[in-house]
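Asks: Below: one structure in structure tokens.
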Amino acid sequence: MTGKTEINARQIGLFAAFILPVYKLVETPSVLARYAKGDLLLPALLHFILQAGVLCLILLFVAKGKTCLYDRISPKIKKPLFAFFALVYLLIAILPVLDLEKFTYAVFYDTPPTLFSFAFFFIFTAFVCVKELRSVGRAADLSLFLFLVPFLALLVMSVTEADFTNLLPLFEYEFGHTVSAFKNTTAHFTDVLLLLPLLGNLQYKKGDAKKILGGYGLGAFFTLLFLAVFYGIFSSVAEREHYAFAKIAQYFPPLASIGRIDLIFVYILCIVLFFFTALPLFYATLFSTEIFGKNKRLLCAILINIGAFLFTLFFNKNYDFFYRFLGNTLWFVFLAALIPVCFLCRKEKQ
């Protein structure tokens with residue numbers, strides 16, 4: 007990977023604003039509500055502050071060189087570092103893939119689907135995995151409309167039914183509840199890691215940091231606003247309301263006479279969700295290619311996607327186990343994965 011990928015700061019900002027938030031609208035609200043109750047905004051805010059701090063650090067070093075971050079990595083550690091990131095992205099892919107399968111079956115099917123129905127998704131991910139990094143930038147451009155329009159439409163239909171006093175009083179619960187919510191949703195807040203391949207290939211120009219940080223701040227605002235409306239509607243039963251963005255507008259009064267037109271916006275938003283879910287597999291393929299050679303790109307994509315399909319096929323019934331395992335046991339891995347960023351944050355050779 008080099009800086010010659012036609013990725014610019016505007017696209018990274020759009021990516022942060024309109025693609026990163028979409029997965030947090032699925033299961034994250036119910037998990038936060040389960041552990042933090044009415045204080046669910048606090049652990050989410052702590053996540054965003056932590057991620058924004060690391061993002062600022064990366065941007066600081068990106069701005070200090072004339073070449074991209076990946077071109078500054080010592081050849082001695084390049085392959086081990088890329089192998090580490092490939093494994094991290096495979097780990098990140100677990101929850102989105104399992105969540106998407108459950109979400110798809112619950113929202114798109116009226117009757118139980120066949121065992122291999124979800125296999126078609128991996129045809130899409132395999133296609134994504136053989137594309138170049140610039141495709142992420144193009145997807146970010148499209149997400150401006152594919153995310154923003156349906157997201158705002160769902161919020162407009164929902165906000166009138168929300169009682170924001172459900173969030174009061176602030177800090178009602180012990181801080182231990184916030185810590186538990188933070189820990190158990192760490193796998194949902196992998197923002198910097200998902201931005202890293204884009205930042206690592208960015209040829210920095212003046213003002214780029216403002217665009218990227220502004221986009222990330224906008225995405226954080228969208229997520230926090232959604233969480234507030236979500237809890238304002240569902241309150242004490244919020245922890246049982248899975249697939250949040252598919253349900254949030256269902257109490258909009260006109261729907262009783264005109265039908266569930268909110269599902270149109272849910273389906274449009276799912277396009278962004280499909281791409282987000284494919285993203286960790288795409289990154290894993292990208293880093294694997296850097297290790298084994300660009301001529302092995304297709305092979306890496308096929309093996310990774312077959313592995314992801316078989317994992318989903320055989321372990322989808324262990325959904326609760328993986329949620330507990332990643333939330334209660336391996337949560338620190340997603341924070342520790344930010345440490346190797348230090349290997350990227352090095353001065354450019356003179």
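Going by our numbering, the letters in the sequence shown line up with residues 7 to 356, in that order. Note that the Cβ used here is the ideal one computed from N, Cα and C, for glycine as well.
1) Would you call residue 143 buried or exposed, if buried means 16 or more other Cβ atoms sit within 10 Å of its Cβ?
2) Nearest to residue 56 by CA position, among 179, 199 and 17, is which residue?
3) What does the alpha-carbon distance come out to for the pair residue 186 and residue 240?
4) Quick check on the burial criterion: 16 or more other C-beta atoms within 10 angstroms. Buried or exposed for residue 243?
5) Would you be able to state if there are at least three C-beta pairs under 8 Å between the region 308–325 and the region 208–228?
6) Return the first residue and the last residue of the alpha helix (DSSP H) that residue 108 is part of.
7) Determine the burial state of residue 178: buried for a count of at least 16 other Cβ atoms within 10 Å of its Cβ, exposed for fewer.
8) Quick one: residues in its chain with C-beta nearer than 7 Å to the C-beta of residue 356, no 5 flanking neighbours on either side, listed in chain order?
9) Which residue comes first and which comes last in the alpha helix (DSSP H) that contains residue 262?
10) Throw me the rounded Cβ distance for the residue 68 and residue 210 pair, which I believe falls under 8 Å.
11) Please tell me whether residue 346 and residue 88 are closer than 8 Å, where the distance is taken between their beta carbons.
12) Could you give the distance in angstroms between the alpha-carbon of residue 113 and the alpha-carbon of residue 246?
13) Alpha carbons only, please: which of 280, 19 and 174 is nearest the one belonging to residue 110?
14) Under three-state DSSP, which class holds residue 256?
15) Since residue 146 and residue 21 are thought to touch, with beta carbons under 8 Å apart, how far apart are those beta carbons, to the nearest angstrom?
16) Quick check on residue 147: does DSSP put it in helix, strand or coil?
Replies: Well, looking at it:
1) buried
2) 199
3) 21 Å
4) exposed
5) no
6) 81–114
7) exposed
8) Bear in mind that the predicted position of residue 356 carries a pLDDT of just 46, short of 50, making it too unreliable to give a figure here.
9) 261–264
10) 5 Å
11) no
12) 16 Å
13) 280
14) coil
15) 4 Å
16) helix
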